[in-house]
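In the working numbering, the protein residues as written are 17 to 164.
Glycine residues also receive a C-beta, built at the ideal position from the N, C-alpha and C atoms.
Just so you know, these numbers come straight off a predicted model, no measurement behind them.
Each remark here refers to the structure printed beneath this line.
So this is what it looks like as structure tokens:
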């Protein structure tokens, strides 16, 4: 379903390329909007700055959010999303290399829907992305988007 946008918030060019490659190899052909820091992600979601002309009704189906971001870290981005009526129900998947228990707990306490540690192995990562796409883009029913 190509009309469902994926927002990838990732500052590492290698991880960005790997994620985009994994999506493509799994035939996930959705539009992927990439923002490279927390401030840019918030600008995109709230139609500010260079995204001021973006249609505010065009929200992503899922946000893949890294924790370690420049300007505004991923946890702060998540907290701001959850505190705003327009974005509080958006599915947010933390996609990070951190396996620190405090990061996992803080993510869920801040409203993350899922926490996935980026596998170092490409085949594991491919499978994780395949399952992400299947669940969040095909199976999951988001509020206000269900047909019928």
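Practice task
Using the Cα positions of residue 137 and residue 76, report the straight-line distance between them to the nearest angstrom.
Solution key: For this step, residue 137 is matched to residue 121 along the chain shown. For this step, residue 76 is matched to residue 60 along the chain shown. C-alpha separation (whole angstroms): 27 Å.
Exercise for the section: Look at the alpha carbon of residue 67 and the alpha carbon of residue 25, and state the distance between them as a whole number of angstroms. Expected result: Counted from its first residue, the chain shown places residue 67 at position 51. Counted from its first residue, the chain shown places residue 25 at position 9. Separation of residue 67 and residue 25 (C-alpha to C-alpha, rounded to the nearest whole angstrom) is 15 Å.
Exercise for the section: Identify which residue in 144, 97 and 152 has its Cα closest to the Cα of residue 112. Expected result: By one-based count along the chain shown, residue 112 stands at place 96. Of the listed residues, the one whose Cα sits closest to residue 112 is 144.
Exercise for the section: Can you tell me which of the three DSSP states residue 13 falls into? Expected result: Absent from the structure is residue 13, since the part of the chain shown begins at 17 and ends at 164.
Handout entry: Bounding residues of the alpha helix (DSSP H) (the contiguous stretch that carries residue 130)
Key = Stepping through the chain shown from its first residue, residue 130 is reached at position 114. Run containing residue 130: none in the alpha helix (DSSP H); it sits in the beta strand (DSSP E), 130-133.
Handout entry: Short Cβ contact (8 Å threshold) for residue 103 with residue 97
Key = Taking the chain shown and counting its residues from 1, one reaches residue 103 at position 87. Taking the chain shown and counting its residues from 1, one reaches residue 97 at position 81. Between residue 103 and residue 97, the C-beta gap is smaller than 8 Å, which places the two residues in contact.
Practice task
May I ask you to check if the CB of residue 139 is nearer than 7 Å to at least one heavy atom of the ligand GTP?
Solution key: The ligand GTP is absent from the structure shown, which contains no ligands of any kind.
Problem - Range covered by the alpha helix (DSSP H) that runs through residue 36 - result: Taking the chain shown and counting its residues from 1, one reaches residue 36 at position 20. Taken as a continuous stretch (DSSP letters only), the alpha helix (DSSP H) holding residue 36 covers 29-41.
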